[in-house]
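Right, one structure below, let's go through it.
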Amino acid sequence: METLHVSLVASRFGLVGIASSERGIVRLSFPLRGEGAFRRRLQREYPGSILLGGESRNREAVRQVSLYLEGRLEEFDLPLDLRGSPFRRRVLAAVRAIPYGETASYGDIARRAGAPGGARAAGQAVGANPIPLVIPCHRVIASNGSLGGFGLGLPMKRRLLALEGWAGRPATPPL
Numbered sequence: 510m511e512t513l514h515v516s517l518v519a520s521r522f523g524l525v526g527i528a529s530s531e532r533g534i535v536r537l538s539f540p541l542r543g544e545g546a547f548r549r550r551l552q553r554e555y556p557g558s559i560l561l562g563g564e565s566r567n568r569e570a571v572r573q574v575s576l577y578l579e580g581r582l583e584e585f586d587l588p589l590d591l592r593g594s595p596f597r598r599r600v601l602a603a604v605r606a607i608p609y610g611e612t613a614s615y616g617d618i619a620r621r622a623g624a625p626g627g628a629r630a631a632g633q634a635v636g637a638n639p640i641p642l643v644i645p646c647h648r649v650i651a652s653n654g655s656l657g658g659f660g661l662g663l664p665m666k667r668r669l670l671a672l673e674g675w676a677g678r679p680a681t682p683p684l
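If you read the sequence shown in the working numbering, its first letter stands for residue 510, the second for the next number, and so on.
Pasting the structure below:
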């Protein structure tokens, strides 16, 4: 049985839920309707887990998420507990490497993950990102410069990109 430590952060972007295991953050969700909805989601995604308050374990994550959403932090330095296939983990690592205020296309992410021509598969992995903000999937856009998709809706994607000073520029050239 796994223990997850749960914390909430109030922000101008809505209520943010953070859950961490002994290894690092496993889930970040926002905007939440309340703590109960977040706990139910965690129970569905991590059946049998014990959910505890995370005030001490998640203190640094709460601090960094708050600073980021206030526009005062550009890079997260937090341990993550990423799960899933090796491809999914490579995609999420490539997304995490996109610098603050810059963007990359789904095709760029696929190439960085070792799957040239795998933009659609990369898009699915990006869409299943369990730790948005820390793994900045809002920075992934379509190769034509349009925003593409975003699980939290395009208005939220625009707000996050605007927070970072992005003004509709095309995807940054591949690293």
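The beta-carbon is built from N, C-alpha and C at its ideal position, and this holds for glycine as well.
Just so it is clear, the structure is predicted and the values come from calculations on it, not from any experiment.
Return yes when the Cβ of residue j is within less than 7 Å of the Cβ of residue i, no when it is not.
i: I650; j: G660; result: no
i: D590; j: G636; result: no
i: A628; j: Y609; result: no
i: S529; j: H514; result: yes
i: V571; j: V518; result: yes
i: P645; j: I607; result: yes
i: L541; j: L561; result: no
i: S520; j: L578; result: yes
Kindly indicate which residue of the options has the alpha-carbon position closest to the one of residue i.
i: R499; options: S575, L587, G580, E554; result: With the chain covering only 510 through 684, there is no way to say anything about residue 499.
i: E673; options: G580, A603, L601, L663; result: G580
i: I527; options: R592, V535, L670; result: V535
i: R620; options: R597, Q552, V574; result: R597
i: H647; options: L670, P625, Q633; result: L670
i: R592; options: E554, L576, E569; result: E554
i: A624; options: T612, P595, S652, S520; result: P595
i: S652; options: R550, A613, R549; result: A613
i: P639; options: E611, F547, F522; result: F547
Return the first residue and the last residue of the alpha helix (DSSP H) that residue i is part of.
i: L537; result: Counting along the chain, L537 falls outside any alpha helix (DSSP H), though it belongs to the beta strand (DSSP E) covering 534-541.
i: S575; result: 568-578
i: G636; result: 628-636
i: P608; result: Segment: none, P608 is in no alpha helix (DSSP H) and carries neither H nor E.
i: R553; result: 544-554
i: P664; result: 663-672
Tell me which residues share the same chain as residue i and place their Cβ nearer than 6 Å to its Cβ, disregarding the 5 neighbours each side in the sequence.
i: L684; result: Here the model assigns L684 a pLDDT of 48, short of 50, so the residue's position is not dependable, and the following value carries that caveat. Excluding sequence neighbours, L684 sits near nothing in its chain.
Give the DSSP bridge partners of residue i, in chain order.
i: A613; result: V649
i: S516; result: I527
i: G562; result: V515
i: L589; result: I534
CB-CB under 8 Å to residue i, same chain, minus the five flanking residues each way: which ones, in chain order?
i: G677; result: G654
i: I559; result: M510, E511, T512, L513
i: K666; result: H647, L656, F659
Ignore the nearest five residues each way along the sequence and tell me which others in residue i's own chain have a CB closer than 7 Å to its CB.
i: I618; result: V600, A603, V604, A631, V635, V649
i: E584; result: Y609
Any C-beta of chain B sitting closer than 7 Å to the C-beta of residue i?
i: V635; result: Absent here is chain B; the protein component of the structure consists of one chain.
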